[in-house]
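Below: the structure, in structure tokens.
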Amino acid sequence: MQISTAIAYRKERVITVLVMGNLPRSCDSAKIVDKYPGGNIVYVRDPGYAQVFIEFKSSPEMCPTLLTPWLSQIDIDDDEHNEVEIRINGESVYTTVVNESIEPVALI
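40 is the number of the first residue of the sequence shown in this note's numbering; add one for each residue after it.
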């Protein structure tokens with residue numbers, strides 16, 4: 040799975056993270072499974088940024104290799120962090136800055 044972009048913006052205390060990417064095949068799947076802070080992940084020492092955890096699964100079935108667009112969103116209650124790290128199956132793949140001034144109105 041490849042992340043093409045992530046947009047993060049804060050409104051009041053909540054960071055909304057929009058994650059866009061491509062699945063390598065139409066039969067593969069991905070979903071956001073956790074977040075930090077406010078999810079199931081607990082650190083002894085704060086990593087210094089909010090995090091979104093994505094689980095990617097490659098299907099064992101045969102299917103055409105065709106890039107399939109993927110989009111998901113999550114809200115994180117966080118007024119401290121100014122960056123968001125995106126992790127897929129535990130690996131850091133993308134980091135974005137939290138925008139304080141604008142809120143996207145539409146995705147094209």
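We put the beta carbon where it would ideally sit given N, CA and C, even for glycine. Fair warning: this is a prediction, and the values are worked out from it, not measured in the lab.
- Message: Going by the DSSP bridge assignment, what does T134 pair with across the sheet?
- Response: In the DSSP output, where bridge partners are listed per residue, T134 has E124.
- Message: Classify C129: buried if its beta carbon has 16 or more other beta carbons within 10 angstroms, exposed otherwise.
- Response: Per the sequence shown, the amino acid found at residue 129 is Gly instead of Cys. Residue environment for G129: exposed (fewer than 16 other C-beta atoms within 10 angstroms of its C-beta).
- Message: Cutting at 6 Å between CB atoms, please list the residues of its own chain near I147, excluding the five before and the five after it.
- Response: Low per-residue confidence applies at I147: pLDDT is 48, beneath 50, and the placement is therefore not dependable enough to give any value.
- Query: What does a CB cutoff of less than 8 Å around I80 pick up in its chain, not counting 5 residues either side in sequence?
  - Reply: So the list reads D73, K74, Q90, F92, once near-sequence residues are dropped.
- Task: Report yes if the CB atom of V56 is closer than 9 Å to the CB atom of I127, and no otherwise.
- Result: In this structure, I127 does not lie closer than 9 Å to V56 by Cβ.
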